[in-house]
Amino acid sequence: MRKLQISDAEVMSIAIRQEIDRNEESRYDHRLHGLLLVAKGMSARQAALLLDESERTVQRWVHRFEEIGFAGLREGERPGRPSRIEQAEWERLKQHLRLSPREFGFSENMWDGKLLAEHLRAHYRIDMGVRQCQRIFRQMGFRLRKPRPVIAKADPEAQIAFKKTSRPGGSPRH
Numbered sequence: 158m159r160k161l162q163i164s165d166a167e168v169m170s171i172a173i174r175q176e177i178d179r180n181e182e183s184r185y186d187h188r189l190h191g192l193l194l195v196a197k198g199m200s201a202r203q204a205a206l207l208l209d210e211s212e213r214t215v216q217r218w219v220h221r222f223e224e225i226g227f228a229g230l231r232e233g234e235r236p237g238r239p240s241r242i243e244q245a246e247w248e249r250l251k252q253h254l255r256l257s258p259r260e261f262g263f264s265e266n267m268w269d270g271k272l273l274a275e276h277l278r279a280h281y282r283i284d285m286g287v288r289q290c291q292r293i294f295r296q297m298g299f300r301l302r303k304p305r306p307v308i309a310k311a312d313p314e315a316q317i318a319f320k321k322t323s324r325p326g327g328s329p330r331h
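Residue numbers (the working numbering): 158 to 331.
Written out as structure tokens, the structure reads:
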């Protein structure tokens, strides 16, 4: 009998693994296969090698199955990192972001990640990075907009004068 082959097996192995990891039901089936291999007499190490898992992972599956049965193989809740902003504060912050930053003593007209980080530090005693603050805008449904330069609304003569005096590429001469 001829040996079966999968074209581009290395790449396809990665794709198959991603498909298994893609949804909860596939991951559950994957764990069942691990248990079946152990039940058929394979060691955790042998099953792990076949399933592209660590030996410790297969051992955990077996222990959970022995303790609570099939339910032990189901996905648990994946809560992630707890939010640093409580729900009540979240709603209050949302209202703050609908107002101008000037109403809170800032000199800027529009909110951005850096300004939100300062606001959280000053009014909520929460220290958060700029990138996380930018994510907060998206989670709240806000879009970050950049203000347009004033030159775009200048009179045509001022624009021509600016173009004549500025260097190509915008870098100053040294």
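Positions of the beta carbon are idealized from the N, C-alpha and C atoms, including for glycine.
Hey, could you find the ends of the alpha helix (DSSP H) residue i is sitting in?
i, result
"H190", "181 to 196"
"I163", "Run containing I163: none; DSSP gives neither H nor E here."
"L273", "270 to 276"
"R255", "244 to 255"
"A205", "201 to 208"
"A318", "313 to 322"
"H280", "That residue, H280, is in no alpha helix (DSSP H); it is neither H nor E in DSSP."
"R221", "212 to 225"
"R288", "287 to 296"
If you compare alpha carbons, which of the options is closest to residue i?
i, options, result
"K271", "Q203, R292, K251", "R292"
"G298", "F227, E248, K197", "E248"
"W268", "D186, I177, H253, R238", "H253"
"A274", "S264, N266, Q289", "Q289"
"R278", "E224, E314, F261", "F261"
"K251", "T214, R300, I163, L206", "R300"
"D186", "G229, R282, H220", "G229"
"F227", "S164, A318, E182, E176", "E182"
"N266", "R302, D312, K321, L194", "R302"
"R221", "G191, E314, S164, P236", "G191"
"L189", "T214, A315, V168", "T214"
"Q216", "M158, N180, E167, A201", "A201"
"G198", "M158, G237, V219, S264", "V219"
For the 8 Å Cβ check, are there 3 or more pairs between the region 200 to 211 and the region 249 to 257?
No, the region 200 to 211 does not touch the region 249 to 257.
Would you call the region 193 to 209 in contact with the region 230 to 243, where contact means no fewer than 3 C-beta pairs closer than 8 Å?
The answer is no - the region 230 to 243 does not touch the region 193 to 209, with fewer than three Cβ pairs under 8 Å.
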